[in-house]
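Shown next, in structure tokens, is the structure this report addresses.
In our numbering, the protein residues as written are 523 to 928.
The structure is reproduced here in structure tokens:
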């Protein structure tokens with residue numbers, strides 16, 4: 523039986539949001555990551571987290587709070603400092619088959635910022651009008667951008683609201699530093715347009731003395747896998763799947779695949795998996811799976827780049843499966859999981875996307891019928907973690923925030 527037989531359904535619609543599916547699905551697998559002994563397979567502890575449509579058990583978790591930044595939302599009160607918000611408890615997992623981490627590359631890689639699309643004559647003329655840098659001076663403020671998932675208009679609007687781009691999407695932030703946390707494509711209407719914009723901003727920011735960089739998300743791995751391997755069978759932990767089937771299942775848009783070009787592929791494959799900026803450990807996924815790829819940021823990034831350069835479909839699939847896990851920093855074991863990453867890779871706080879904030883707070887299971895309330899970034903795990911996926915695919919919001927958030 524093929525994944526398409528097991529998961530029947532029409533080709534995804536190419537317009538508008540897809541609120542019926544907000545979390546990634548692994549055929550024959552799970553995307554939850556247990557993080558306490560009581561949550562380990564075979565335990566008698568209460569499971570942590572429930573899928574959409576299940577009866578959720580909510581528990582209070584001190585230290586988890588929203589960040590209302592520059593965007594008060596009408597009709598909702600702003601939680602005060604130290605407010606307690608509910609979270610999910612996750613389902614017990616079947617045991618995963620052990621897998622070896624991919625081989626690590628020991629050669630140095632060129633920086634991602636040097637890669638970009640061809641610049642038009644119009645862009646070159648406009649960039650030539652920028653004033654000379656002169657004395658570089660101090661670095662600019664640091665911003666992070668949550669999961670975009672093809673919502674180009676919302677992205678430009680959120681960046682413009684923070685003063686980072688003009689209404690047409692051109693860099694206006696001088697020496698500011700911006701990191702995208704991954705997941706540019708799938709579910710939304712214009713994933714390639716989002717990639718083009720980020721590549722354009724990388725060039726414009728560099729010309730202005732700042733920078734715009736991006737991390738690799740699990741949807742980048744999925745998109746590249748669908749492009750390279752298509753319907754070629756891959757061995758998952760409990761059966762056979764394919765990248766194309768998983769990509770369609772997780773909101774893949776055929777018109778994005780048709781518009782994908784060589785310079786997009788080159789740029790995506792060179793994205794780092796993690797970075798450290800001003801004491802913030804930047805990740806896409808809220809998982810401890812990064813520890814399986816190396817003991818330093820350079821080792822992790824080299825291992826992922828090596829895998830995408832040389833390994834086969836099964837190895838690509840295993841990496842996608844690992845980076846699709848989530849919720850490691852939620853619940854009683856969350857601070858310990860976040861602390862393990864920080865002690866290994868450095869920094870004092872993890873900043874991640876991947877898991878929509880409404881799932882971390884429990885609001886995704888609300889029966890009100892109203893869009894989820896996402897006032898800003900969400901601090902949790904005893905303030906060791908900041909979640910940045912505002913749930914744009916479920917009519918939440920696309921978050922852009924200046925670090926640090928308090």
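Glycine included, each C-beta is placed from N, C-alpha and C at the ideal position.
Is residue i helix, strand or coil when you go by DSSP?
{"i": "residue 785", "result": "helix"}
{"i": "residue 776", "result": "helix"}
{"i": "residue 733", "result": "strand"}
{"i": "residue 802", "result": "strand"}
{"i": "residue 886", "result": "helix"}
{"i": "residue 706", "result": "coil"}
{"i": "residue 700", "result": "strand"}
{"i": "residue 843", "result": "helix"}
{"i": "residue 741", "result": "helix"}
{"i": "residue 790", "result": "helix"}
{"i": "residue 920", "result": "coil"}
{"i": "residue 713", "result": "helix"}
{"i": "residue 770", "result": "helix"}
{"i": "residue 812", "result": "helix"}
{"i": "residue 894", "result": "coil"}
{"i": "residue 671", "result": "coil"}
{"i": "residue 854", "result": "coil"}
{"i": "residue 865", "result": "helix"}
{"i": "residue 837", "result": "helix"}
If we call anything under 9 Å between Cβ atoms a contact, is residue i one with residue j?
{"i": "residue 894", "j": "residue 858", "result": "no"}
{"i": "residue 774", "j": "residue 914", "result": "no"}
{"i": "residue 814", "j": "residue 843", "result": "no"}
{"i": "residue 793", "j": "residue 691", "result": "no"}
{"i": "residue 770", "j": "residue 841", "result": "no"}
{"i": "residue 766", "j": "residue 752", "result": "yes"}
{"i": "residue 695", "j": "residue 729", "result": "no"}
{"i": "residue 838", "j": "residue 830", "result": "yes"}
{"i": "residue 772", "j": "residue 928", "result": "no"}
{"i": "residue 900", "j": "residue 796", "result": "no"}
{"i": "residue 685", "j": "residue 732", "result": "no"}
{"i": "residue 706", "j": "residue 671", "result": "yes"}
{"i": "residue 801", "j": "residue 926", "result": "yes"}
{"i": "residue 812", "j": "residue 779", "result": "no"}
Starting from residue i, follow its DSSP beta bridges and name the residues at the other end.
{"i": "residue 796", "result": "805"}
{"i": "residue 871", "result": "802"}
{"i": "residue 755", "result": "764"}
{"i": "residue 925", "result": "664"}
{"i": "residue 908", "result": "873, 901"}
{"i": "residue 935", "result": "Nothing can be reported for residue 935: it is not among the residues displayed for the chain, which extend from 523 to 928."}
Count the other CB atoms, across all protein chains shown, that sit within 10 Å of the CB of residue i; report buried if there are 16 or more and exposed otherwise.
{"i": "residue 626", "result": "Low local confidence applies: a pLDDT of 36 at residue 626 is under 50, so the model's placement there is unreliable, and no value is given."}
{"i": "residue 681", "result": "buried"}
{"i": "residue 865", "result": "exposed"}
{"i": "residue 885", "result": "buried"}
{"i": "residue 688", "result": "exposed"}
{"i": "residue 798", "result": "exposed"}
{"i": "residue 660", "result": "exposed"}
{"i": "residue 607", "result": "Only weak support exists for where residue 607 lies, its pLDDT of 33 falling under 50; the coordinates are left without a value."}
{"i": "residue 875", "result": "buried"}
{"i": "residue 898", "result": "buried"}
{"i": "residue 712", "result": "buried"}
{"i": "residue 758", "result": "buried"}
{"i": "residue 786", "result": "buried"}
**Message:** Does the structure place the segment 917-926 close enough to the segment 666-684 that three or more beta carbon pairs sit under 8 Å?
**Reply:** yes
**Asked** Is the number of C-beta pairs between the segment 744-757 and the segment 720-727 that are closer than 8 Å three or more?
**Response** no
**Request:** Spell out a yes or no on whether the segment 790-809 and the segment 847-855 are touching, meaning 3 or more CB-CB pairs, one atom from each, closer than 8 Å.
**Result:** yes
**Message:** I'd like to know if the segment 903-912 and the segment 875-886 are in contact, where contact means that at least 3 CB-CB pairs between them fall below 8 Å.
**Reply:** Contact between the segment 903-912 and the segment 875-886 is present: 3 or more CB-CB pairs across the two stretches fall below 8 Å.
**Message:** Using a Cβ distance threshold of 8 Å, determine whether the segment 672-683 contacts the segment 732-742, with at least three qualifying pairs required.
**Reply:** At 8 Å Cβ cutoff, the stretches do not touch.
**Asked** Is it a yes or a no for the segment 858-875 touching the segment 895-907, going by three-plus beta-carbon pairs under 8 Å?
**Response** Contact annotation: the segment 858-875 touches the segment 895-907, with at least three C-beta pairs closer than 8 Å.
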